[in-house]
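Below: the structure, in structure tokens.
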Amino acid sequence: MKPKRLNVKMVYVEFKEICHALENGRLEEAIAAFISNHSDHDLSRDDVLSLTLNKAVIYDQPEIVQKILSTPHTENILTAIILSIINTYDSVILEVFGYEKTDGMIRENDGSVLGAVLEYLKHNGDLPLVDLEGKDFVHMYNMLKLPRWEVTTDDGWWYIRKYFLDFLYTKDSLDKLDESLYRKFDRAQYLKDYEEQ
């Protein structure tokens with residue numbers, strides 16, 4: 005299954021409106037208003053949750069992350085690929101890893117964004133898995149090569165895969181990512197081959 009690609013930007017005012025509605029029991033009204041304001045994008049309720057979750061990650065608001073993740077949804081809102089302010093696309097989970105300030109490999113909710121996501125994944129192992137491919141594959145590869153994640157060591161990669169990625173992506177696509185981490189990986193050639201498929 006392919007991840008959902010969202011070509012709409014949520015501005016800060018819209019994010020705050022949805023957060024306020026979340027706090028005051030008017031979330032469904034706020035979601036409906038957002039969908040109506042962006043009717044040219046054919047958004048679903050879960051799309052709005054993904055957009056809000058993405059902003060909560062960027063603004064480092066773990067309480068909002070936790071509330072959005074605990075709001076009932078049917079799609080995998082962590083793997084949606086979202087258009088950023090600088091016109092690039094990244095999945096929500098990549099934003100989680102990119103903006104995370106936690107040092108080390110946590111195993112329980114420590115009050116951070118990463119901790120909130122970890123806790124959610126522990127209790128929601130039946131999410132629809134999507135394929136990690138294309139630019140999102142390359143972005144994940146690049147993120148995993150950052151020194152802070154130390155995934156060139158088996159422990160770092162095992163941690164990221166076991167506690168996060170196995171809950172979100174198909175085994176085949178993660179096995180390919182695994183292979184790319186331990187051999188010479190030509191990102192430009194991979195993207196060229198991917199686009200020619």
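Count along the sequence shown from 1, add 4, and you get the number used in my numbering. Using N, Cα and C, we set each Cβ at its ideal position, and we do this for glycine too.
Whether residue i touches residue j by CB criterion (9 angstroms)
i: residue 19; j: residue 97; result: no
i: residue 44; j: residue 81; result: no
i: residue 124; j: residue 59; result: no
i: residue 62; j: residue 26; result: no
i: residue 11; j: residue 73; result: no
i: residue 149; j: residue 185; result: yes
i: residue 195; j: residue 121; result: no
i: residue 147; j: residue 101; result: yes
i: residue 95; j: residue 140; result: yes
Residues bridged to residue i (per DSSP)
i: residue 95; result: 85
i: residue 173; result: 134
i: residue 10; result: 86
Cα-Cα separation between residue i and residue j, rounded to whole angstroms
i: residue 36; j: residue 93; result: 24 angstroms
i: residue 71; j: residue 160; result: 28 angstroms
i: residue 192; j: residue 200; result: 12 angstroms
i: residue 57; j: residue 187; result: 34 angstroms
i: residue 39; j: residue 47; result: 6 angstroms
i: residue 128; j: residue 65; result: 21 angstroms
i: residue 78; j: residue 172; result: 13 angstroms
i: residue 174; j: residue 136; result: 7 angstroms
i: residue 33; j: residue 114; result: 31 angstroms
Nearest-angstrom Cβ-Cβ length linking residue i and residue j, presumed shorter than 8 angstroms
i: residue 134; j: residue 6; result: 6 angstroms
i: residue 84; j: residue 8; result: 5 angstroms
i: residue 75; j: residue 53; result: 6 angstroms
Range covered by the alpha helix (DSSP H) that runs through residue i
i: residue 197; result: 191-200
i: residue 61; result: 49-62
i: residue 119; result: 117-126
i: residue 3; result: Any answer about residue 3 is impossible in this case: the structure gives the chain only from 5 up to 201.
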